[in-house]
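Data first, discussion second: the structure below is written as structure tokens.
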Amino acid sequence: MRRPTVRMYTASATALAALLLAVPAAGAADAPQGAAAAATAIERVPYAMDSSNQAAWWTPVATYKGRGQYAYFAFNEPGSTAATHRPAIARRDPDGVWSRLPLLNSDGQQAEFADDNGHNQPSVARDGSGRLHVFTSMHANAWRYYRTEAPGGDITDHASELPDQGVGITYPVVTTAPNGDLYLAARVGAGSDQRPGKLYRWDNANSSWSTVATFAGALNRSVYPDDITVDVSGRVHLLYEWAKAPATAFRHQLSYLTYDPSTGAFADSTGATVTTPVTPATSDVIQDLTSGEEWSNDNAYTGPAVQSAKLTLDGTTPKVAYRYRSADSGGDFRVYYAYPSGSDWVRKLVYAGGQTAAALGITWDATELKRIYYVTTSGTDRVYSATQSADGAWTAQSAAPGVSADRLAVQQDSDGHDVLYLPDTAHTSLYYGVR
4 MRRPTVRMYT
14 ASATALAALL
24 LAVPAAGAAD
34 APQGAAAAAT
44 AIERVPYAMD
54 SSNQAAWWTP
64 VATYKGRGQY
74 AYFAFNEPGS
84 TAATHRPAIA
94 RRDPDGVWSR
104 LPLLNSDGQQ
114 AEFADDNGHN
124 QPSVARDGSG
134 RLHVFTSMHA
144 NAWRYYRTEA
154 PGGDITDHAS
164 ELPDQGVGIT
174 YPVVTTAPNG
184 DLYLAARVGA
194 GSDQRPGKLY
204 RWDNANSSWS
214 TVATFAGALN
224 RSVYPDDITV
234 DVSGRVHLLY
244 EWAKAPATAF
254 RHQLSYLTYD
264 PSTGAFADST
274 GATVTTPVTP
284 ATSDVIQDLT
294 SGEEWSNDNA
304 YTGPAVQSAK
314 LTLDGTTPKV
324 AYRYRSADSG
334 GDFRVYYAYP
344 SGSDWVRKLV
354 YAGGQTAAAL
364 GITWDATELK
374 RIYYVTTSGT
384 DRVYSATQSA
394 DGAWTAQSAA
404 PGVSADRLAV
414 QQDSDGHDVL
424 YLPDTAHTSL
434 YYGVR
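As numbered in the numbering used here, residues 4 to 438 make up the sequence shown, in order.
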């Protein structure tokens, strides 16, 4: 007997449009005063959010342009207890109507998992056939993977279809290629001596997953995927960090790698072919070790370290935002911008005005150069975007005026708008923004 759908929860969205004022963030490098700000429309997602809905590595936003722009927000709803959550998708249609799509187990009940901040959060992507794919709530757990069979269908358990069954998975980041395929990067394994990073591909035409390669791994090191994207030619771009095995809150040697499906080759930012799995010694390192930096898996470590990063493309050229705590930062994680130049990476300071939360975002606009999003740990407005002008000066503005969001994710839609995913964990509310 066919089980009835459980997704029919809709709500009319009330857009709270707000014109951003030019508010330079304290400590932003060379930030001029009084620059014009972009307008952001913000509205509250009309479903309850669990306080565990917070991460930095995740890819919880997918967009699609049909008869207008659709947005899909993967998030944690409250569970049956304070220590659990239930993953779901909030879909926003072009007319502003929201629909709730819960993730369903084989018995038809909504999936529920233990809270684990920074690990048990969802990532989502939409394939070329309109099917939604969600990876959720894994901290060295076997696959927790849910998918629709057709556009508009229930999101059901398909974990058995993935390679590497029974192996611990953490930090799944997923993206859609121009041809409708998906690429997924994750840390695989729960060994104490090493935890490598692997790349997987969803073949949309054949509706199947396969392993591309172990792209990074080394003895006594763990890989932390940060982001993944695919350029117009189909080349996959990966961003990841290294840590002393088995795991730690503080990482090192932020690195970059590309994969070309047409040749099967991996390469660095210069285009030079590399042998995988790369190691810290053979990676294309964006932020190398600095004075006083040590490999440590002590979560009380206070030395220099990387903690999160995000990636966008200018054509096929990577542009990276990342947080780094240097020996002279007073314990603060500052925000940096990096891009390749010749055989090296250029690194620019974006924000040094106080402590930041782990979440970041970066998008590219040919007329505005770039927008780097970051979150401060204090203040009425917490989410800011910094824009660099042609002369190199940075201007920072509140990206969510009046909304006390303390986490962030960003995706640029096909119209060139930044879609903002804004969790306010203190008030268990999720906000949608577009600018």
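Every residue gets a Cβ at the ideal spot worked out from N, C-alpha and C, and that includes glycine.
Buried versus exposed call for residue i [16 or more other C-beta atoms within 10 Å across all chains shown]
i, result
"Trp212", "buried"
"Asp120", "Correcting the residue identity first, residue 120 is Asn in this sequence and not Asp. So Asn120 ends up on the exposed side."
"Thr278", "exposed"
"Leu222", "exposed"
"Arg70", "exposed"
"Ala85", "exposed"
"Asp284", "It should be pointed out that residue 284 corresponds to Ala in this sequence rather than to Asp. It counts as exposed."
"Ser388", "buried"
"Val349", "exposed"
"Glu297", "exposed"
"Thr139", "buried"
"Ser225", "buried"
"Gln168", "exposed"
"Asp196", "exposed"
"Ala59", "buried"
"Val338", "buried"
"Gly436", "buried"
"Asp118", "buried"
"Ser210", "exposed"
"Asp440", "Examination of residue 440 is not possible in this model, given that the chain is present from 4 through 438 alone."
"Pro7", "No answer about Pro7 holds up, because its pLDDT of 31 lies below 50 and its placement is not dependable."
"Ala324", "buried"
"Gly194", "exposed"
For residue i, the nearest candidate out of the options (CA to CA)
i, options, result
"Arg273", "Ser83, Val233, Pro321 and Asp291", "According to the sequence provided, residue 273 is Thr. The question's Arg does not apply to it. Nearest C-alpha to Thr273: Pro321."
"Ser417", "Pro181, Pro175, Arg103 and Gln124", "Pro181"
"Met52", "Tyr73, His88 and Ala59", "His88"
"Tyr227", "Arg198, Gly237, Leu314 and Trp205", "Arg198"
"Tyr340", "Thr431, Ala312 and Gly333", "Ala312"
"Asp409", "Ser265, Ala361 and Gln415", "Ala361"
"Asp301", "Val127, Lys247 and Tyr67", "Lys247"
"Arg238", "Val215, Ala216, Gly405 and Ser265", "Ser265"
"Gln358", "Ser346, Lys373, Ser329 and Gly345", "Ser329"
"Val386", "Tyr148, Gly395, Arg374 and Glu115", "Arg374"
"Val422", "Trp61, Tyr75 and Ala59", "Tyr75"
"Arg95", "Lys68, Ser83 and Pro81", "Lys68"
"Gln414", "Pro404, Tyr243, Arg204 and Thr232", "Thr232"
"Leu1", "Lys351, Gly364, Val235 and Gly395", "This structure does not reach residue 1, given that the chain is present from 4 up to 438, and the question cannot be answered."
"Glu115", "Leu135, Met141 and Trp101", "Met141"
"Trp367", "Pro105, Tyr243 and His420", "His420"
"Tyr73", "Gly82, Gly99 and Gln57", "Gly99"
Rounded C-alpha distance that separates residue i from residue j
i, j, result
"Pro307", "Thr379", "19 angstroms"
"Gln112", "Val137", "16 angstroms"
"Val64", "Ala412", "7 angstroms"
"Trp245", "Tyr50", "36 angstroms"
"Ser109", "Ser55", "24 angstroms"
"Ala429", "Ser407", "8 angstroms"
"Ile267", "Ala208", "It should be pointed out that residue 267 corresponds to Gly in this sequence rather than to Ile. Roughly 19 angstroms separates the two Cα atoms."
"Thr13", "Trp397", "For Thr13, the predicted structure reports a pLDDT of 38, less than 50, and the residue's modelled location is therefore unreliable. The matter cannot be settled from this model."
"Asn79", "Asp317", "32 angstroms"
"His122", "Ala252", "11 angstroms"
"Ile289", "Val176", "20 angstroms"
"Thr261", "Thr178", "14 angstroms"
"Ser286", "Pro154", "39 angstroms"
"Gln124", "Ala369", "32 angstroms"
"Asp291", "His255", "7 angstroms"
"Ser346", "Ser258", "14 angstroms"
"Tyr434", "Ala399", "21 angstroms"
"Asn144", "Asp160", "15 angstroms"
"Asp206", "Gln391", "38 angstroms"
"Arg204", "Asp230", "15 angstroms"
"Glu152", "Thr66", "18 angstroms"
"Gly356", "Thr383", "15 angstroms"
"His240", "Ser126", "17 angstroms"
"Val353", "Ala216", "34 angstroms"
"Gly37", "Ile45", "Confidence is the limiting factor: at Gly37 the pLDDT is only 32, short of 50, which leaves the residue's position unreliable, though a coordinate-based value still follows. So the two alpha carbons sit approximately 23 angstroms from each other."
Cβ separation of residue i and residue j, assumed to be a contact under 8 angstroms, to the nearest whole Å
i, j, result
"Leu202", "Ala188", "5 angstroms"
"Pro90", "Ala77", "7 angstroms"
"Gly220", "Pro280", "4 angstroms"
"Phe336", "Phe269", "No, Phe336 and Phe269 are not in contact; Cβ-Cβ is about 29 angstroms, not under 8 angstroms."
"Leu185", "Asp130", "6 angstroms"
"Ser432", "Arg47", "6 angstroms"
"Arg147", "Ala128", "With 8 angstroms as the limit, Arg147 and Ala128 do not qualify as a contact, their Cβ atoms being about 15 angstroms apart."
"Gly334", "Thr305", "7 angstroms"
"Arg190", "Thr214", "Not confirmed; about 14 angstroms, so no contact."
beta-carbon residue i near the ligand NAD non-hydrogen atom, thresh 7 angstroms
i, result
"Asp368", "Of the ligands one can find in the structure shown there are none, so the ligand NAD has no counterpart to examine."
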